[in-house]
Structures are given as C-alpha cells and as structure tokens.
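*Asks:*
Protein chains in written order, with the numbering used here: chain D, 9 to 238; chain Y, 93 to 485.
(1) Given that residue 99 of chain Y touches chain D, what residues does it touch there, using C-beta distances under 9 Å?
(2) Measure from the alpha carbon of residue 263 of chain Y to the alpha carbon of each residue in Y:269, Y:300, Y:271, then state which is nearest.
(3) Just grab the DSSP bridge partners of residue 211 of chain D for me.
(4) Check the Cβ of residue 99 of chain D against every Cβ in chain Y and list those closer than 8 Å, keeping chain order.
(5) Leaving out five residues before and five after residue 19 of chain D in sequence, what residues of the same chain have Cβ atoms less than 6 Å from its Cβ?
(6) Could you tell me which residues DSSP pairs with residue 152 of chain D in its beta bridges?
(7) If we count Cβ pairs, one from each stretch, closer than 8 Å, do we get three or more for the segment 275-288 of chain Y versus the segment 196-203 of chain Y?
(8) By the 10 Å Cβ neighbour count, where 16 or more other Cβ atoms means buried, how is residue 144 of chain Y classified, buried or exposed?
(9) Under 7 Å, do residue 40 of chain D and residue 16 of chain D count as touching if we go by C-beta distance?
(10) Using the beta-carbon of each residue, which ones in chain D are nearer than 9 Å to residue 102 of chain Y?
(11) Does the Cβ of residue 382 of chain Y have 16 or more other Cβ atoms within 10 Å, making it buried, or fewer, making it exposed?
(12) For residue 484 of chain Y and residue 167 of chain Y, I'd like the C-alpha separation in whole angstroms.
(13) Starting from residue 90 of chain D, find everything on chain Y with Cβ-Cβ shorter than 7 Å and list it in chain order.
(14) Would you kindly work out how many angstroms separate the C-alpha atoms of residue 123 of chain Y and residue 468 of chain Y, rounded to a whole number?
(15) How would you label residue 236 of chain Y, buried or exposed, when you count the other beta carbons within 10 angstroms and need 16 or more for buried?
(16) If the cut-off is 7 Å on Cβ atoms, which residues from the segment 66-82 of chain D count as contacting chain Y, listed in chain order?
(17) Rounded to whole angstroms, what's the CA-CA distance from residue 249 of chain Y to residue 327 of chain Y? Just pull it up for me.
(18) Relative to chain D, which residues along the segment 422-437 of chain Y have a C-beta separation below 9 Å, given in chain order?
(19) Compare the beta carbon distance of residue 455 of chain Y and residue 104 of chain Y with 7 Å and say whether it is the shorter of the two.
(20) Flag residue 245 of chain D as yes if its beta-carbon sits less than 7 Å from any beta-carbon of chain Y, otherwise no.
(21) Identify the contact partners of residue 95 of chain Y in chain D, using a Cβ-Cβ distance below 7 Å as the criterion.
(22) Roughly how many whole angstroms lie between the Cα atoms of residue 49 of chain D and residue 56 of chain D?
(23) How would you write the range of the beta strand (DSSP E) that residue 316 of chain Y sits in, first residue to last?
(24) With which residues is residue 322 of chain Y paired in a DSSP beta bridge?
(25) May I ask you to verify whether the segment 393-411 of chain Y touches the segment 123-139 of chain Y, counting CB pairs closer than 8 Å and requiring at least 3?
(26) Quick check on DSSP: helix, strand or coil for residue 34 of chain D?
(27) Since I believe residue 161 of chain D is in contact with residue 106 of chain D (beta carbons under 8 Å), could you give me their beta-carbon distance rounded to a whole number of angstroms?
(28) I think residue 352 of chain Y touches residue 125 of chain Y, with their Cβ atoms under 8 Å apart; what is that distance to the nearest whole Å?
(29) Nearest chain Y C-beta to residue 151 of chain D closer than 7 Å, yes or no?
(30) Touching or not, the segment 90-99 of chain D and the segment 420-428 of chain Y, by the rule of three or more beta carbon pairs under 8 Å?
(31) By a C-beta neighbour count over all protein chains shown, 10 Å radius and 16 as the cutoff for buried, is residue 186 of chain Y buried or exposed?
(32) Under 7 Å between C-beta atoms, does residue 415 of chain Y make it to chain D?
(33) If you drop the 5 nearest sequence neighbours on each side, which residues of the same chain put their C-beta closer than 8 Å to that of residue 457 of chain Y?
(34) Measure the CB-CB distance between residue 3 of chain D and residue 445 of chain Y and report whether it falls below 7 Å.
Right, dumping it as structure tokens:
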C-alpha cells in the first residue's frame with residue numbers, strides 16, 4: 009500500500025465528545041510510526057475504544073487533525089471513511105462480532121460480501137481458506153459459528169480482519185474473552201501478521217501480562233487530557 | 093449487491109421457521125382472494141356453459157334452482173316428480189323432442205340417471221368402450237366412475253338404498269356395465285346411466301320374481317282371484333335383471349303416471365321454443381318450464397355478491413397481515429442492532445445495511461408471490477371440481 013511511507017497515525021489537538029454523554033476526548037498529540045505494534049492500556053471509560061473508532065473513521069472528531077496512513081480521516085465523509093476502512097483497516101472485537109447465520113468461511117468473507125468494493129473472486133476465496141488453515145480452523149469452513157469454541161470464534165474474527173491484507177490492524181480487547189492458552193494464540197496471530205506483512209497493530213487491552221510483546225505501550229488515561237483534567 | 097442478497101438469503105435460511113411463517117402468512121393473504129376469484133369465475137363459466145347448452149327444462153313446480161341442479165349437474169336432492177305422461181304431451185305437440193330424466197337414486201356417490209338414448213346425442217357423449225344400454229337393467233357409466241372404481245365393461249354397479257332403514261322400499265339392483273363413456277369433463281363423467289324404466293325398477297314400481305304359476309311356487313300362494321294371484325313374502329324377487337329372468341320383470345299400474353324428475357325439451361327451432369314456453373306459462377297444473385341459464389345467472393349473481401364481501405374482508409386481513417409482517421421486521425431489526433453495528437464497522441455502508449434488510453423482506457415477499465401464483469395455478473387446474481361439489485351439493 010502506498011500509505012506505508014507515512015506514519016501509521018498522526019493526531020494533533022484531536023477533540024471528540026458524544027452528543028448525550030459527559031465523556032470528552034482531548035488528545036494534544038499522538039504519533040504512531042509505521043510497523044509499530046502498540047498496546048493501549050488504561051481504565052475503563054478513559055476513551056481507548058473511542059480512539060480506535062476515530063482512527064477507523066467510524067466516529068468523526070469535532071476538532072483537530074487525525075491522519076491515518078497519510079489520509080486525513082477526520083475530514084472524510086461517511087462513504088469515504090467506509091471505503092478507507094474497508095481497504096486499509098482490519099478490526100477485531102472483544103466479543104468477536106460474528107454472524108451466527110453464516111458459516112466460518114462466509115464470516116471470513118463478510119467484508120467482501122457487505123462492502124461491495126472488492127469483488128468476491130476465487131483468489132479472495134482461496135485467501136480466506138488459507139487464513140482459516142493458518143488459524144487452525146481450515147477443517148471447519150462450512151461449520152456454523154454456534155458450533156465453535158470461544159478460541160475458534162476469535163480466530164475466525166482475526167481471519168476476517170486479515171482477509172484484505174490491511175496495512176493497519178485495530179483490535180479492541182481481542183483476548184478479553186479467552187482463556188490463557190487462546191489468549192496467547194490469538195495475540196501471536198495478530199503479531200505474526202503485523203510482522204510478516206509489515207503492518208501496524210494497535211490493540212486495546214486490559215491484560216498486563218501481554219504488554220511486553222508489543223513494541224510500545226500507551227497509557228491512555230494520561231494521554232487523554234480531558235479525562236486527566238477531570 | 094449479490095453479496096447482500098446472499099447474506100439476506102442465509103439469514104432467512106438460518107431463521108427458517110420465522111421465515112416460513114411469514115412466507116406462509118403472506119402467501120395465504122395473496123392466494124385466498126385470488127383462488128376465490130379464479131374458482132368462482134371458472135365455476136360460473138362451467139355452470140353457465142352447461143346451462144346455456146340446455147335452454148329449456150321442464151319439471152314439477154317448485155324450486156327452479158333445485159330442478160336445475162338436479163337435472164343439469166346431477167347433484168342436489170331430487171325435486172318433486174312429474175308424470176311420464178308429460179313426455180307424450182310434448183311429443184304430441186310437435187314442438188320439441190323430449191328427453192326424460194329421472195335422477196333420484198345413487199350408486200354410492202354417483203347419480204343414477206334414468207333417461208333415453210337421445211340424452212347421449214344431446215350431450216355429445218361418446219362411448220369409449222362397450223356400447224349403450226339396450227335392454228332393461230343395463231348401465232353405461234361415466235369416465236370418472238369407471239376410473240375411481242376400476243370398473244370395466246362386464247363388471248357390475250349396484251344401486252344404493254335411499255336409507256339404511258328403508259327395508260320395504262328401494263332394493264339394491266345389480267346392473268351390468270355394458271359401456272363406458274369417454275371423458276366429457278362434465279357432471280356426466282360422475283354418473284351411471286340407465287334406461288328410465290330401470291330407475292322405476294330400482295324404485296320398486298316394476299319388479300321380477302319367480303313364476304307363481306310354477307309348481308314350486310305353490311307354497312307361496314295365498315289367494316287366486318282370476319288372473320290376480322296374491323303371494324306371501326317368501327316369493328323370490330330378483331335383484332338383478334338377467335337374460336333368464338328379464339321376461340319376468342313387469343310394471344304395475346299406468347305407465348303414464350310413473351315419475352320423472354325432469355324433461356329436457358329439444359325445441360325444433362327458436363319459434364317452437366317460444367311457443368312451448370308460452371304454453372307452459374299458461375298452464376296451472378303443477379308443471380313448470382324454466383330457463384336454466386336464467387336460474388344459474390341468478391345463483392351466480394348471489395355468489396358474486398358474497399364474493400365481493402369475502403374479498404373485501406380478506407383485503408382487510410391482508411392489510412393487517414402486512415402490518416404484522418412490517419412489525420416483525422422492525423422488531424427483528426431492533427434485535428439485530430449489534431449485527432448491523434458490526435457490519436458497519438467492517439465496511440458496510442448505510443445503503444448496504446438498508447439493502448440487506450430490504451432484501452430479506454423482498455425475498456420473503458417474492459417467495460410468497462411465487463407460491464401464491466403456483467397455488468392459484470393449481471387451483472385453476474384442479475380446484476374447480478372441488479368448489480363445484482361445495483357449491484352445488
């Protein structure tokens with residue numbers, strides 16, 4: 009991707025508030041270099057997930073600049089942000105966010121099916137199958153999600169995030185619902201991918217035992233000036 | 093776009109019982125009014141066509157509808173009878189050729205039609221196998237009767253007693269099948285045809301029994317009075333007319349007073365038909381001449397009126413069902429907020445999400461429309477005999 013020459017994330021005087029919430033996010037400065045693997049820690053409600061959503065273009069900052077992979081995300085329309093997200097960002101959620109009514113393969117292919125920006129070609133299908141094999145769920149492609157273990161489900165969610173080879177991975181507490189063995193597996197998958205594909209990885213986590221595996225750890229409670237002031 | 097439809101389809105398949113219930117509800121809402129429309133139109137057309145082919149009908153005074161249904165569609169309770177002498181009256185007038193009808197008895201569910209051979213020509217009925225009845229006691233059966241009972245020429249049909257308790261009345265008469273009609277796709281396919289005299293035998297107005305003059309009948313004789321012999325109940329009565337006993341069959345009383353349920357007068361021309369109608373209008377002796385077309389038009393007008401009410405009521409049910417379906421989808425969308433949020437996070441636009449929800453509704457409605465169309469087509473093909481039976485019986 010051409011974006012890789014630019015810093016992963018560059019935020020200046022970023023400010024955000026929800027309409028009906030007292031929560032405020034004020035970020036004077038944040039810079040994450042390319043290929044960095046960053047863990048964001050901090051108490052619940054300090055704005056970690058909000059920052060991920062701002063980076064992904066799901067939320068729009070009210071003030072300030074936010075550049076992601078060289079693109080000004082804070083100035084994008086909803087459609088542009090969606091397109092940007094689809095092509096550049098892979099997202100992994102704590103509660104997996106898989107669709108019960110789809111098989112493992114269909115869940116992995118979901119960004120292509122729902123996005124419409126990339127056509128569902130045979131190479132894409134093969135990529136999904138290959139990812140499933142790498143995640144150790146290659147023999148369960150046709151299985152419904154409800155028949156998978158928690159660890160297997162999170163691996164499906166990771167495969168889905170990696171399908172379109174995004175240059176940036178955003179993971180919101182990806183190991184929060186997993187046992188220690190699966191925690192390790194899932195984190196390894198994300199870090200291995202970041203290393204192999206030279207991608208950035210920003211992970212929100214509460215698990216201090218995992219922090220030493222990241223190249224950088226940010227304590228968001230000190231970064232968010234609004235929360236710090238409060 | 094294809095991806096959205098695929099996702100919608102997977103959702104419907106996964107929640108198959110909900111999808112099936114919604115589909116069935118919408119299907120029924122569309123199918124029932126359409127089926128009513130189709131069935132009534134077809135029934136009106138078919139009943140009307142047979143009535144149109146029978147411009148005039150003579151019977152005893154009473155319900156014209158009952159007379160028409162019994163004589164044309166071989167259904168309904170038998171109307172009051174008129175004497176056979178009426179056949180001779182029409183013949184003597186020279187205005188029409190009379191076809192007698194006596195439709196009172198049944199062989200299981202099939203009406204036994206006592207008539208003359210002219211009936212077959214008049215209705216354009218062809219013989220598929222065998223021949224027409226030639227002597228007393230022979231039967232020609234309709235195509236449906238032959239098929240449903242697996243009967244062929246040489247088999248027998250039995251008349252059914254009118255009542256299980258009618259011990260002294262109508263005896264079952266065993267009648268050989270001498271011919272099977274080609275399908276005419278009318279009420280004739282479901283009937284058994286015999287000579288009108290055979291129906292009188294079924295009724296007990298004619299009978300055959302052992303020869304009372306023979307020596308072996310001596311113990312049955314109670315009284316001799318000239319040519320009249322009175323015998324007791326041990327006399328053997330025949331319940332089948334065979335070559336050997338046919339000559340023993342005889343009728344008591346005046347032939348002209350024996351009953352018919354109707355007479356179809358085939359007028360020589362329009363003028364004769366008008367004169368005949370005028371003569372019957374002027375008569376006041378318990379006999380009427382009716383126009384079956386007019387009777388059926390009145391019946392269909394009543395049915396059409398009822399149909400309008402039914403369709404209006406069903407339309408309201410349809411609106412209510414549509415509202416319930418919309419409510420179900422809206423509630424379903426509320427329950428799926430998390431799913432929609434996820435789809436948005438991973439790249440789905442608002443348009444895609446709206447399309448996804450719309451595609452689900454569209455698919456359910458499309459399947460329902462196809463099913464309703466299929467059911468309506470099946471009704472168009474197979475439903476008319478059923479509704480005729482419902483309306484006419």
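In this text, a Cβ means the ideal position worked out from N, Cα and C, and glycines have one as well.
*Replies:* On the basis of the supplied data:
(1) As a first step, residue 99 of chain Y is located in the second chain; it is residue number 7 there, counting from the start. Under the 9 Å cutoff, chain D gives 107, 109, 110, 114, 118, 121, 122.
(2) In the second chain, counting from the first residue as 1, residue 263 of chain Y sits at position 171. The shortest CA-to-CA distance from residue 263 of chain Y to any of Y:269, Y:300, Y:271 is the one to Y:300.
(3) Position 203 of the first chain, counted from the start, is the residue given in the question as residue 211 of chain D. Beta-bridge pairing links residue 211 of chain D to D:47, D:179.
(4) Taking the first chain and counting its residues from 1, the one referred to as residue 99 of chain D is at position 91. 437, 438, listed in chain order.
(5) For the purposes of this step, residue 19 of chain D is identified with residue 11 of the first chain, where counting begins at 1. Once the five neighbours on either side are set aside, the close Cβ partners of residue 19 of chain D are 35, 38, 74.
(6) Taking the first residue of the first chain as position 1, residue 152 of chain D is located at position 144. Answer by DSSP bridge pairing, in chain order: D:111.
(7) yes
(8) Here residue 144 of chain Y refers to the residue found at position 52 when the second chain is read from its first residue. The C-beta of residue 144 of chain Y has fewer than 16 other C-beta atoms within 10 Å across all chains shown, which makes the residue exposed.
(9) Residue 40 of chain D sits at position 32 when you count from the first residue of the first chain. Residue 16 of chain D sits at position 8 when you count from the first residue of the first chain. Cβ distance < 7 Å, so residue 40 of chain D and residue 16 of chain D count as in contact.
(10) Here residue 102 of chain Y is taken as the residue at index 10 of the second chain, counted from 1. Those are 107, 109, 110, 111, 114, listed as they occur along chain D.
(11) For the purposes of this step, residue 382 of chain Y is taken as the residue at position 290 of the second chain. By the neighbour-count rule (16 or more Cβ atoms within 10 Å), residue 382 of chain Y is buried.
(12) One-based indexing of the second chain puts residue 484 of chain Y at position 392. One-based indexing of the second chain puts residue 167 of chain Y at position 75. For residue 484 of chain Y, the predicted model reports a pLDDT of 45, less than 50, meaning its position is unreliable and no value from the coordinates is stated.
(13) As a working mapping, residue 90 of chain D is identified with position 82 in the first chain. Under the 7 Å cutoff, chain Y gives 439, 441.
(14) Against the second chain, residue 123 of chain Y aligns to sequence position 31. Against the second chain, residue 468 of chain Y aligns to sequence position 376. Cα to Cα, the separation comes out at about 6 Å.
(15) Taking the second chain and counting its residues from 1, one reaches residue 236 of chain Y at position 144. Residue 236 of chain Y comes out buried.
(16) 66
(17) Residue numbering aside, residue 249 of chain Y sits at position 157 when the second chain is read from its first letter. Residue numbering aside, residue 327 of chain Y sits at position 235 when the second chain is read from its first letter. Residue 249 of chain Y and residue 327 of chain Y: Cα-Cα distance of roughly 25 Å.
(18) 430, 431, 433, 434, 435, 436, 437
(19) Position 363 of the second chain, counting from 1, holds the residue named residue 455 of chain Y. Position 12 of the second chain, counting from 1, holds the residue named residue 104 of chain Y. It is a contact, given that the beta carbons lie within the stated cut-off.
(20) Chain D is shown from 9 up to 238; residue 245 of chain D falls before or after that span and cannot be answered.
(21) In the second chain, the residue the question calls residue 95 of chain Y occupies position 3. Correct list: 120, 121, 122, 124, 128.
(22) Reading the first chain from its first residue, position 41 is the one you call residue 49 of chain D. Reading the first chain from its first residue, position 48 is the one you call residue 56 of chain D. One alpha carbon belongs to residue 49 of chain D, the other to residue 56 of chain D, and they sit about 7 Å apart.
(23) Stepping through the second chain from its first residue, residue 316 of chain Y is reached at position 224. That run of the beta strand (DSSP E) goes 313-317.
(24) What you label residue 322 of chain Y is simply residue 230 of the second chain in a count that begins at 1. In the DSSP output, where bridge partners are listed per residue, residue 322 of chain Y has Y:315.
(25) Segments in contact, yes.
(26) Taking the first residue of the first chain as 1, we reach residue 34 of chain D at position 26. DSSP places residue 34 of chain D in strand when its eight states are reduced to three.
(27) Residue mapping note: residue 106 of chain D aligns to position 98 of the first chain, counting from 1. Residue mapping note: residue 161 of chain D aligns to position 153 of the first chain, counting from 1. Right, the Cβ-Cβ distance comes to about 6 Å (below 8 Å), so this counts as a contact.
(28) Position 260 of the second chain holds residue 352 of chain Y. Position 33 of the second chain holds residue 125 of chain Y. Wrong, their Cβ atoms sit about 43 Å apart, outside the cutoff.
(29) Here residue 151 of chain D refers to the residue found at position 143 of the first chain. It does not; no Cβ of chain Y falls within 7 Å.
(30) no
(31) Taking the first residue of the second chain as 1, we reach residue 186 of chain Y at position 94. Exposed is the call here.
(32) What you label residue 415 of chain Y is simply residue 323 of the second chain in a count that begins at 1. Cβ-Cβ to chain D under 7 Å: no for residue 415 of chain Y.
(33) Against the second chain, residue 457 of chain Y aligns to sequence position 365. Excluding residues within five positions, the ones whose Cβ falls inside 8 Å are 118.
(34) Absent from the structure is residue 3 of chain D, since the part of chain D shown begins at 9 and ends at 238.
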